[in-house]
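Shown next, in the form of structure tokens:
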């Protein structure tokens, strides 16, 4: 009499062994060898005696020793009850026994379990060596044949779904069971009825019946499906054939790879799947939420005993608990433990009101969850599934991977609160001002504030770690670790990198103040693969980081030095403190206050302050547009008379004077005299109206960047006119290299902000640039109190019949030209036509260039004259901007004649001196009432607060440019309310684009280019709509 | 968690059967060293080979397209061939 037993091994092979009744009493014990288990060859003989199938399989099996933990008494294992030896002794303890066995790989194991499946008889009679013997099938073997039978039916009935699974040797595509209700019940019964002997293989984590069932059922189901599809040729047309290039090419594995792997022998994927595609597959498997189904929520609880009393987890407790909770459909806020389903309790009552079979509904929904999270199938394979116990590894997998997938599929997920704010393992950087013994001094930055003592430490979140804590982490290696009473997730590679870093770079002299600020402000800052979680600094750096310098109302203020004749407003004193602190740290600055808030006076106060200290010899170079040279010269003489100012400008200019305190030059002269200017090492270089250097490739940008200097300052009222790339150009001028390359800046910030309107990225960018860029706007409450209001109007004008005829002719000509024209030629044609249309809207004479008189031919000019008459009658004074210098000249004489008053005209053809003369004349109390300016020459930098009205005659279609021009009048020093009017011709392209800009004001910068280039890209039909004259365009 | 509402009478058809009442932990869920009394036993039954076979619908029925394609065909459509093949061989 023999009893045949089986064990499903952790290595995925089936082990077969047998007890021999005859040997029970005859054989004596031999150490750990099982005394009455037959030799492996005899097991093969028994299989051979059953039939040719098992015999064939036995030939393919390996003879090995296996170890099982068996009930033991008196130094011998107890016999199974099927062995007729008359012993009924129960074991006193489990002991490991070495047993000879046959090991079968998965294909042979599945076939054998199928062969031995016999629901009628728990064994058979065989002819062995000429004698008839009884061969009983032990409970473990019968249980495994039952599991195989279930797997075989699931496969045959299509109750399987594909899954992407990461196994020890890589990613695989597997066929996983997707049981219907009956099969679920059957699986649960098998899990509950699993005989302990089937679990007797020693293991680090002892399997339960349900986990063993899951393991075996998964393996057998996958095998049976592959077997069923092995000769399926219908799918082969969609598979990657041998020799054919993979559809996916490089990793990650694509659906074509999954499909191929589902039909291959081993299911192996060439690479990890794309997470987004994998989650889509998981969501598909879960199916749609059932409207009447019970809702489930999963609650993960950390191990008991992890209270503060055991902060360092000296007693490790691995029992993480995952509970399933139910939400009745009619009471979604009620969460009930699933265990209550099996009692006549409130949960059953609540669910019973809405569902015919609450338990089945619950199991179906749990099955839906298990398709997303296969780990949950172990819970499903219980008779009364209520949850799972997880070890740390399982808990981490649930927190990291399963919970988000379940939440995405509509299940409730309740995680420990700390998970959402778990601290990261990273680096803490501490900096102290002033040299410390043993630290490296940086010669390049002579200021004492620029010399810093650095110290790196490993940190958990913002808290530096002690050596002992580090050692504990190193011992734990990876996974969830408890430290200081809180759980953290430790990554082995990250920990190794951290320890390596500490060994080599604890005191790193490579970090300067600028880099330290960057590390502190960049949320994604990484050093040697480790995130920088906190930066501590004292002195000016600490002030910058803490916001104690800059725009905050309580930020530090620095009064101007003695000898400075102006008075700074509080926000200007804060600006001075900020400029000074950055300079002392050797850092550049971008002062980007709104036009009119006193960038000039703050800059002069800084130069006066530095001059008063007398510690920094050498001149400062200030580069500005030609129109502002006189302004700087006069303002310097007025506010900081102690500065020796040298004007490096004009045809008679001499070499710059190295003994001067301030050398003023223009962008044009800078280009011509770059070599001479490079010979001097400037204490500072200041770029006024720094939007002039926003194009990095332009000659003036290259020239100013090539100068040798200390900290640089960029002054601009419009750091971003159109694109964030401009901001990078200005920031990079002030602090070269600190903000990365233009390309990386575009990728990280410009694209997400401009194309997707990503507010999170925008906030990150603001945080990153904050310490280096100071911008106050007129709408700031403090400043608003010091500025009068500004009212803006759109004034609509009609075309005259002459204008309308010309307009239509231009449009018709363009549309006719566009037929068959592409690329650059098309763009050129559109731009030229737009220009002509705007000229028509201004005045026919501007288009015709015929010197004809202006009177009565333009609705817009007539309206302008009316507006100016009205303003002058009120005693107001007006700035009129046009982008067409030639038309401005025509207009000047026309307006002078019509108004009977002097009209000034500032344009690019005038010398700097003449421009200043005009500005001074207008600003004088009895100056002329109308000042006509070309937008390009007069739109920036000038202080024209004598005007209280601004008229934009034609449109540039860029709000920033127009606002800049408006700010000539609406700035500090203005005491009257300012009225701004934009003249627009009704029914023309002017009006339509104005509406477009108004509708998309938020996106205008992203959508609309600096000029009219974007219009050239429009398809013909849209262009026609935009340009075509509407019926209401012509006035009476 | 909100308080559980007072129990209403439950129709007999939806009352939990006695078999669903809590029971002692089965050996399959117990640590092995607490299974010495019934170490070799399993409380399960093998499916009778002549049991009526009610064929359930294949698992993907009602799931719709996956939304992932191979050569412009949805994965579900391609997998459907496999399910038909499995059914033919059952």
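Protein chains in written order, with our numbering: chain L, 59 to 1094; chain F, 1435 to 1524.
Every residue gets a Cβ at the ideal spot worked out from N, C-alpha and C, and that includes glycine.
Bear in mind that the values here come from a model prediction, so they are computed numbers and not experimental data.
Closest in C-alpha terms to residue 78(L), from the list 196(L), 115(L), 125(L) and 630(L), comes 196(L). In this structure residue 1008(L) is not in contact with residue 1042(L), their Cβ atoms being roughly 15 Å apart against a cut-off of 8 Å. Taking CB atoms only, residue 129(L) has a neighbour in chain F less than 9 Å away.
Taking C-beta separations shorter than 7 Å and ignoring five residues to either side along the sequence, the partners of residue 684(L) in its chain run 724, 726 and 970, following chain order. Here the C-alpha atom of residue 661(L) lies approximately 20 Å from the C-alpha atom of residue 794(L).
In the displayed model, residue 352(L) falls within coil according to three-state DSSP, outside both helix and strand. Among the residues of chain F, those whose CB is under 7 Å from the CB of residue 255(L) are 1473 and 1474, following chain order. In terms of Cα proximity to residue 772(L), the closest of 756(L), 781(L), 752(L) and 757(L) is 752(L).
Between the beta-carbon of residue 791(L) and that of residue 770(L) there is about 6 Å, and that keeps the pair under the 8 Å contact cut. Against chain F, the CB of residue 258(L) has a partner CB under 9 Å away; the residue lies at that interface. Under a criterion of Cβ atoms nearer than 8 Å, the residues of chain L adjacent to residue 1463(F) are, in order, 250, 266, 267, 268 and 440. Closer than 9 Å to the CB of residue 419(L) there is not a single CB belonging to chain F. Considered as a whole, the region 882-915 of chain L harbours 902-906 as its complete alpha helix (DSSP H) runs of no fewer than 4 residues, in chain order. Contact with chain F is found for residue 138(L), since one of that chain's Cβ atoms lies less than 9 Å from the residue's Cβ. With fewer than 16 neighbouring CB atoms inside 10 Å of its own CB, residue 877(L) falls in the exposed class. Taking the C-beta atoms as reference points, residue 446(L) is found no nearer than 9 Å to residue 384(L). For the C-beta of residue 1467(F), the chain L residues within less than 8 Å are, from N- to C-terminus, 151 and 152. Sequence-distant partners of residue 186(L) (beyond 5 residues in either direction) whose C-beta falls short of 6 Å from its own C-beta, in its chain, are 107. Interface annotation, residue 813(L): not in contact with chain F, CB-CB separation never under 9 Å.
Proximity of chain F to residue 216(L) at the Cβ level (cut-off 7 Å) is accounted for by 1492, 1493, 1517, 1520 and 1521, in chain order.
Contact check for residue 433(L) against residue 406(L) fails: the beta carbons are separated by 9 Å or more. Excluding the 5 residues flanking it on each side, residue 1051(L) has same chain C-beta neighbours closer than 6 Å at 1015, in chain order. Between residue 996(L) and residue 955(L), the CB-CB gap reaches or exceeds 9 Å.
Against residue 354(L), chain F offers no close residue; the least beta-carbon distance is about 15 Å (beta-carbon pairs closer than 7 Å). For the pair residue 101(L) and residue 159(L), the CB atoms are nearer than the 9 Å cut-off. Taking 9 Å as the CB threshold, residue 449(L) stays off the interface with chain F. For residue 988(L), the pairing in a beta bridge is given by DSSP as 936(L) and 961(L). When the alpha-carbon of residue 1018(L) is set against those of 776(L), 861(L) and 191(L), the nearest one is in 776(L). Residue contact with chain F for residue 200(L): present (Cβ-Cβ distance below 9 Å to some residue of chain F).
Nearest neighbour of residue 463(L) by Cα position, chosen from 643(L), 763(L), 854(L) and 333(L), turns out to be 333(L). Taking a Cβ-Cβ cut-off of 7 Å, residue 435(L) has no neighbours in chain F, whose nearest Cβ is about 14 Å from it.
Going by DSSP, residue 848(L) is part of the beta strand (DSSP E) stretching over 848-855. Within chain F, the residues 1470 and 1471 have their CB atoms less than 7 Å from the CB of residue 148(L), given in chain order. Cβ neighbours of residue 461(L) within its own chain (closer than 8 Å, five residues either side excluded): 356, 358, 471 and 473. Beta bridge pairing from DSSP links residue 1039(L) with 851(L) and 1009(L).
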